[in-house]
Every structure is written in C-alpha cells, then in structure tokens.
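Participant: I'd like to ask you about the structure that follows.
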Amino acid sequence: MGAGRRTCGMLLTFRESVADALRAALEARDLPTDDLGIEEPPADVDAVLASSVAFRLAGDLGAPPPEVAAELAGDVDADDHRFLDRVEPNGPYLNFFPDEAYFRETLSAGLDDDYGRLPDRDTSVVVEHTSANPTGPVHVGRARNPIIGDAVANLLDYAGYDVDRHYYVNDAGRQIAVFTWAYETFDEADLPDPARDRAEYRMVRYYRKGNEFLEEAPDPEVEAAEAEIQAILQGLEAGDEAAYERVGEVVDAVLGGMRECLARLPAEFDEFVRETRFMRDGSTDDVVARLKDHDRSVYEEDAWQLTFEEIDKNLVFLRSDGTSLYTTRDLAHHEWKFANYDRAVTVLGEDHKLQADQLRRTLRMLGNDVDALENVIYSYVDLPEGKMSTREGTGVQLDDLLDEAVARAREEVESRLDDRLRSDELDADDVDRIARQVGVGAVRYDIVAKQPTKGITFEWEQALDFEAQSAPYVQYVHARCCGILNEAGDREPTPDPAPLTTDAERDLLRAVARLPGVVADAADDLEPHRVATYTRELGDRFNRFYRECPVLGADDPETVAARLALVAAARHAMANALDVLGVEAPRSM
RNA sequence: GGGCAUGUGGCCUAGCGGACAGGGCGAGAGGUUCCUAACCUCUAGAUCGCGGGUUCGAAUCCCGCCAUGCCCGCCA
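So for the first sequence, this note's numbering puts the first residue at 1083; every next one is plus one.
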C-alpha cells in the first residue's frame, strides 16, 4: 500500500473546513477570530464538530449565546468548504455536520492497510528510550520506559516522521567500572544460581556480589577494590584500549540479555549508542573546554562547575580527578543528536528531571537550539512494599511478568475452546499465538493506556486482569472484524456510505474517521495513551454495530458490501491504532 | 527546607476552559436457535483532595493548604 494513498485524514480536513467557514462568517461581521472554540461534541450529539464561540461573542453583540449561535449558523456558507454539509445551532452551540463525501472518503481510505498513517513530513527524529544501565535484568519498575518509548516512536512514525530508536548505553560510569571489577574478581562458584539461564541473570550476580563486598568488606580490601575501579575509570578517560575492552565484555554480555528481554515486548532499536563513543571521539573534551570558557562556569573545590540562574544546584562537569561525568558525556551525546536529527525525544524517569533540566540549559548555553529536544517523563512502577532495585535484587522481573501473563492468557484461551460457537478450529499454534499476543498485549496496554506521569503500584492481579478495559477487549474487536471478512468469500466491500443508515453504522464510521486526527494530536503532544483511549472508543462503537447490524446476513447485497467496507475500515483503524501502541492485533481469538 | 509531579464513586481510569464528569473492575438484575458471549443491556455508587480567586462558564486556569511520590551526590 503506497504512501501516495496516505491522506491527512477526513477529520483533519473537516476541522480545517469548519475553521475556515466559521472564520469567514466572523470576519464578515468584523468579529474576533482568535478563538473559534472548535471542539468535539459529546457522544450523544450527532455533529462531528461543534463550536462554542457564541459564548464569547455574546458580550460583544449584546445578545444571549443561543441567539448569537442562531445568527452565525445562518451566516456560514457550507457550500464553499470541503466536507462541510451544514451547520445547525443547538442552544448556545454551533454543530457542524459533514457531507456524504466525508463518509465515502473515510470508507475508501479505510480500505487501505495503511489507514491512519499520515503523509511524510521529511523531518527526522531520534527517540531515545530505555537506556537502562546494563547492570542486570529488566525489572517492572523500569519497564514503563521501553513500553512508552516504543509507543512514542511508533506514534511519530505513523505521524509521518523519520524515526530512529536509540538506546543510550552507559558503558563509562562508576557502576559499570564496579561491575567490570566484580566480574574479573569473583569466582562463579561462589555465586548463587541465576534466576534464569540468560546472560544478564548470570552477570548480575557479580554486580550484586561486588556491591555487597564494597559495603561489607574490611576497609583495606575495599580500598584495594576502589583503586582497581578507579583504574578502570581513568583508563576509559585516557582512551586506553584495554580498559574499553574490559568494560565492553561486561556491557556486551549484559546488554545482549537485556535486548532479548526487550525483544519480547517487542521493543527494538536502530542503534545502541555508547557513552564511551563520545569520550573516544574527543567531543566530551570539546564540551569541557567550551564550558570552562563560559561566563557561568566556576572552578570550586578542585572541580569545574557550571552555575545556573534559576537552578540552585551547580552542575559539576569535570571531577577533581579530571574525569568527566555522565551529564558531561550526555552533553556531547545531545550535540551529536542535534547534528544528525531535526528533533530529539527522550523518554526518562521522573528522577532524572533535574538532570534533564540542567542538560537542556547547558545545551542552550553552548549555543544549541534546544527547542529540538523534548522529554517524555514517567513515574516509576513501585511494589506495594517499596521500590524495585537491580542492585538489591528486589523487584519483579519483566520476564516473569510476561511469562505469567502469557500463561494466564493461555488458560483463558483453553477454557474457551470448549464453548466456542464458531466453527473454525484453533490448532496448537493458534493457541500459542493467541496466548502470546493477548498476554504480552495486556501488559503493554495496561502500561501505555495510562498517563505516564501517574504513579503505578504493581500488583499481579491488577496487571494481569484481562477482564478490565484491557488489550483483549480491543483485540477481540479486531478478531471479530477478521472473522467477518474471512467469511465474506467473494463478496467484496464497496466504499459507499449510502446503505449505512443506522446510528450504529454512522457512529462507527465517525469513529473510524477520527483515527488520523487522533494520531496527529497524540504525536504533537507525545501522548500515546490517547491512542489507547481511542481504541476503546472504536471498540465500543464496533461492538454496538456488531450487535445491531448483521453484515453477511444483511437484507440486500448493497448493504452487505457497504457494511463489509465499514468492517474492513474498522479493522484497519484498530490494527493500526494497536500497532502504534505496540500491541498485536490477533486474526482470531 | 526548596523544586517538580500526582490527587476524579470501594478500586483503576478518561476528560485538562464549554452541552448532564465518560469508561472499566467490584456489587445487583438480565441477554446466546443469528457474522466468536474475551460481547452486550439495565440498576446502585462522585462534595472531581480541601479553601479561596479569575471567567458568562472551572475537574480543567491562578493562589494558599493538605496528602503521596520523585529530586536537591565530584552516582547514573
């Protein structure tokens, strides 16, 4: 399906028409047009868009809002505007109704597999997400990052941006030096069995052992260890190849395992960008040199620091021992992003907000256009008893959550096999497929459907509740669409809205028409959860249609063909909305 | 102490300046000779944390307070 068929969407076009029409009517009367008050009306109003301008103009015109609305409705010339059929006053509101072309084109656009994708914007954006330190298994506390990050990247991709997904790898920090020292020092025989037979689970045992040692061992032994850790850090700073290799071995192993875990979501990356890259290529040194020359930098307590006007906390950018810090390297990293991309989006936990704020201000001081940088901030998922920690080994691993979710989904599928009304048979592969799609989908949907800033306390029962407003509800709609389309045989969909006369059909069609607008708006605000809200609304509409309107058993062939087109459009809208969320759309359930 | 975020029926959540605050779970009552009942219908349940303010209009904006979380490291 070609990009040539991608459109900005009927609703977006209709929205522009409504704005143009209303603006023209207001200008003709010399009224202000700065706030047209265009909104989507409540569900029980048939109009597709409405305006509340009449409230604002009532004062100027010296008439009550309903009178103003009635007059303005008379002024609007619907004929001149694409998709606009008519405008009707309704109390103080103006209700705008689209014409049949709007519905016909929605139906027609909906036949495309790519429905919901917006035209290419010729703008590149790098989405950095996850970027968890390669110290051990991915736990649920930070699982929000890949799930939200992947959805943000998908969303921007659908909205027409050229998206690259990056994982920024901390391979230069103290934690990794500790890890490397511990890996080289301790004997596997002294470690507990790994919780799972995969690299990061085996490796994290050294990390935990090392941290434990540094906390509990006698001082002389700790000092010796610290000297070794320092040697690794200094080696990296000095560009010592041997140091890079030692660290690289640990990082590669752990990261390899973490990637396997993330791939289950699936969250995949175009590039793993290593911090050490910006040490080796000299750009961190360059940043340090420029910062030293800056008016707001000071040399205090043997370290170079940057002061801020509005932040009471200095940013140390060069330690007293001459080594750089995470943020120093991140500055070089971001200048590299600016050089290679039009926009940069970073998904990060709320604990990084201060650091992100300092980073942004410092980048501006260094002469960068920081409008290109946007953050998506999320709160961590905590356990009822507190925070999850890789170092302390507290927390629920993402692998375990996914395993449990898939297992429960399998139980559900199997328990339903007996009382299926449907004649088709699900074989063992179907059961596997459905269990995975539903189980993983439920976990992702549960996370991505919520506003990221809200805190989540992890509870098994809640995370695995398939009954609630969840992935299966919305996935089931897709499966139902596929079921109908599969049985249609040689009866072809026809994108003609004329036979679609019931409220249930029109409501569904209106919901289908909204997808491109939802994608555009959600992408503008980097809010993928709005797409999840949309899937629920689309699902509600579809289920009502399904109940009230037989498709294959409709009275005449024209209605069958039109309803088939509506089902196909609903299917593509749902499949692509789910694709944005990173949730699979099952063909059968 | 300072900064940032969050606070919507028992629980989870949408809405974030406009039409009666939508859903879901849980509770109660129903629906399947018909394209998959992982569905649908109905009932009960909300001082939108509290108090002020701005506005024709506030869950939504502003101020204060309370509660919770995060941050305030030459860690990341």
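Even for Gly, the Cβ is constructed at its ideal location relative to N, Cα and C.
Could you check if V1633 is buried or exposed, using at least 16 other CB atoms within 10 Å of its CB as the buried criterion?
Facilitator: Here residue 1633 refers to the residue found at position 551 when the first sequence is read from its first residue. Answer is buried; the Cβ neighbour count reaches 16.
Participant: Give the list of continuous beta strand (DSSP E) stretches no shorter than 3 residues that lie fully inside the stretch 1358-1391.
Facilitator: With a minimum length of 3 residues, the continuous beta strand (DSSP E) runs that stay inside the stretch 1358-1391 are 1379-1382 and 1385-1388.
Participant: If you follow the beta strand (DSSP E) that V1398 is in, where does it begin and where does it stop?
Facilitator: For this step, residue 1398 is matched to residue 316 along the first sequence. L1397 to L1400 is the span of the beta strand (DSSP E), which, as asked, contains V1398.
Participant: Provide the residue span of the beta strand (DSSP E) that contains T1428, from first to last.
Facilitator: Taking the first sequence and counting its residues from 1, one reaches residue 1428 at position 346. Its beta strand (DSSP E) spans residues R1425 to G1431.
Participant: G1091 and V1463 - do their beta-carbons sit closer together than 9 Å?
Facilitator: Stepping through the first sequence from its first residue, residue 1463 is reached at position 381. Stepping through the first sequence from its first residue, residue 1091 is reached at position 9. Contact flag unset, no.
Participant: Roughly how many angstroms separate the alpha carbons of L1546 and A1517, rounded to a whole number?
Facilitator: Here residue 1546 refers to the residue found at position 464 of the first sequence. Here residue 1517 refers to the residue found at position 435 of the first sequence. Rounded to the nearest angstrom, the two C-alpha atoms are 13 Å apart.
Participant: Taking all protein chains shown into account, do 16 or more other C-beta atoms lie within 10 angstroms of the C-beta of W1542, making it buried, or fewer, making it exposed?
Facilitator: Here residue 1542 refers to the residue found at position 460 when the first sequence is read from its first residue. The residue is exposed, with fewer than 16 neighbouring Cβ atoms inside 10 Å.
Participant: Just the C-alpha distance for G1321 and W1418, rounded to the nearest angstrom, thanks.
Facilitator: Mapped onto the first sequence, residue 1321 falls at position 239. Mapped onto the first sequence, residue 1418 falls at position 336. Each residue's alpha carbon lies about 19 Å from the other.
Participant: What are the start and end residues of the alpha helix (DSSP H) that includes N1293?
Facilitator: If you number the first sequence from 1, residue 1293 lands on position 211. Following the DSSP letters along the chain, one finds N1293 inside the alpha helix (DSSP H) bounded by residues A1281 to E1298.
Participant: List the whole-angstrom C-beta distance separating V1208 from Y1243, where the pair is believed to meet the contact cut-off of C-beta under 8 Å.
Facilitator: For the purposes of this step, residue 1208 is taken as the residue at position 126 of the first sequence. For the purposes of this step, residue 1243 is taken as the residue at position 161 of the first sequence. Rounded, the Cβ-Cβ distance is 10 Å, inconsistent with contact.
Participant: Which residues share a DSSP beta bridge with G1468?
Facilitator: One-based indexing of the first sequence puts residue 1468 at position 386. Paired residues: L1465.
Participant: For E1187, I'd like the list of residues in its chain whose CB is within less than 7 Å of its CB, leaving aside the five on either flank, ordered along the chain.
Facilitator: Here residue 1187 refers to the residue found at position 105 of the first sequence. Around E1187: M1092.
Participant: Looking at the structure shown, is I1258 part of a helix, part of a strand, or coil, going by DSSP?
Facilitator: Position 176 of the first sequence, counting from 1, holds the residue named residue 1258. Helix at I1258.
Participant: Classify G1084: buried if its beta carbon has 16 or more other beta carbons within 10 angstroms, exposed otherwise.
Facilitator: What you label residue 1084 is simply residue 2 of the first sequence in a count that begins at 1. For G1084, the predicted model reports a pLDDT of 41, less than 50, meaning its position is unreliable and no value from the coordinates is stated.
Participant: What residues in its chain sit with their C-beta under 8 Å from that of Q1387, if we drop five residues either side in the sequence?
Facilitator: Indexing the first sequence from 1 puts residue 1387 at position 305. So the list reads S1379, V1380, Y1381, N1396, L1397, V1398 and F1399, once near-sequence residues are dropped.
Participant: Measuring straight from C-alpha to C-alpha, what distance separates L1430 and A1454?
Facilitator: Looking up residue 1430 in the first sequence gives position 348. Looking up residue 1454 in the first sequence gives position 372. Roughly 16 Å separates the two Cα atoms.
Participant: Going by other Cβ atoms of all chains shown within 10 Å of its Cβ, with 16 needed for buried, is E1493 buried or exposed?
Facilitator: Counted from its first residue, the first sequence places residue 1493 at position 411. E1493 comes out exposed.
Participant: How many angstroms separate the CA atom of P1171 from the CA atom of A1152?
Facilitator: Locating residue 1171 in the first sequence gives position 89, where the first residue counts as 1. Locating residue 1152 in the first sequence gives position 70, where the first residue counts as 1. Roughly 5 Å separates the two Cα atoms.
Participant: Tell me the DSSP secondary structure of L1176 in three-state form.
Facilitator: Taking the first residue of the first sequence as position 1, residue 1176 is located at position 94. It is a strand residue.
Participant: Counting pairs of beta carbons, one from the stretch 1233-1240 and one from the stretch 1595-1614, are three or more of them closer than 8 Å?
Facilitator: yes
Participant: Relative to the C-alpha of V1260, which residue among A1307, E1282, P1274 and D1246 is closest?
Facilitator: The residue given as residue 1260 occupies position 178 in the first sequence. It is A1307 whose Cα lies nearest to the Cα of V1260.
Participant: Are A1264 and G1292 touching if we call contact CB-CB under 9 Å?
Facilitator: Within the first sequence, residue 1264 is the residue found at index 182, counting from 1. Within the first sequence, residue 1292 is the residue found at index 210, counting from 1. In this structure, G1292 lies closer than 9 Å to A1264 by Cβ.
Participant: In the DSSP assignment, what are the bridge partners of D1244?
Facilitator: Against the first sequence, residue 1244 aligns to sequence position 162. DSSP lists S1206 as partners of D1244.
Participant: Which same chain residues, not among the five before or five after E1182, have their C-beta less than 7 Å away from its C-beta?
Facilitator: Here residue 1182 is taken as the residue at index 100 of the first sequence, counted from 1. Here the set comprises P1579.
Participant: Taking a contact to mean a Cβ-Cβ separation below 9 Å, would you say L1646 touches T1584 in this structure?
Facilitator: Here residue 1646 refers to the residue found at position 564 of the first sequence. Here residue 1584 refers to the residue found at position 502 of the first sequence. No, the pair does not count as a contact, with Cβ atoms beyond the cut-off.
Participant: Could you have a look at V1513 and say whether DSSP puts it in helix, strand or coil?
Facilitator: Along the first sequence, read from residue 1 onward, the residue named residue 1513 stands at position 431. It is helical.
Participant: In the DSSP assignment, the alpha helix (DSSP H) including I1566 goes from what residue to what residue?
Facilitator: Numbered from its first residue, the first sequence carries residue 1566 at position 484. From DSSP, the alpha helix (DSSP H) with I1566 extends over A1553 to E1569.
Participant: Looking at S1213: is its Cβ nearer than 9 Å to the Cβ of V1251?
Facilitator: What you label residue 1213 is simply residue 131 of the first sequence in a count that begins at 1. What you label residue 1251 is simply residue 169 of the first sequence in a count that begins at 1. Result yes, Cβ atoms of S1213 and V1251 sit closer than 9 Å.
Participant: Cα separation between D1112 and G1173?
Facilitator: The count along the first sequence starts at 1 and reaches residue 1112 at position 30. The count along the first sequence starts at 1 and reaches residue 1173 at position 91. Approximately 23 Å, taken between the alpha carbons.
Participant: Among F1540, R1473, H1415 and G1475, which one has its Cα closest to the Cα of L1465?
Facilitator: Along the first sequence, one-based indexing puts residue 1465 at 383. Here the closest residue by C-alpha is F1540.
Participant: Output yes or no for whether 9 Å exceeds the beta carbon distance between T1095 and R1164.
Facilitator: Numbered from its first residue, the first sequence carries residue 1095 at position 13. Numbered from its first residue, the first sequence carries residue 1164 at position 82. In contact: T1095 and R1164 (Cβ atoms closer than 9 Å).
Participant: Are the Cβ atoms of A1561 and G1521 separated by less than 9 Å?
Facilitator: Sequence index remark: in the first sequence, residue 1561 carries index 479 (1-based). Sequence index remark: in the first sequence, residue 1521 carries index 439 (1-based). Their beta carbons are not under 9 Å apart, which means A1561 does not touch G1521 by this criterion.
Participant: For the stretch 1294-1312 and the stretch 1483-1490, state whether three or more C-beta atom pairs, one from each stretch, are separated by less than 8 Å.
Facilitator: no
Participant: Residues bridged to S1133 by DSSP?
Facilitator: As a first step, residue 1133 is located in the first sequence; it is residue number 51 there, counting from the start. Paired residue(s): I1120 and L1176.
Participant: Return the CA-CA distance between S1670 and M1656, expressed in angstroms with no decimal places.
Facilitator: Position 588 of the first sequence, counted from the first residue, corresponds to residue 1670. Position 574 of the first sequence, counted from the first residue, corresponds to residue 1656. Annotation: S1670 to M1656 spans about 14 Å, alpha carbon to alpha carbon.
Participant: Identify the continuous beta strand (DSSP E) that holds R1356 and give its terminal residues.
Facilitator: Residue mapping note: residue 1356 aligns to position 274 of the first sequence, counting from 1. First-last of the beta strand (DSSP E) with R1356: E1353 to R1356.
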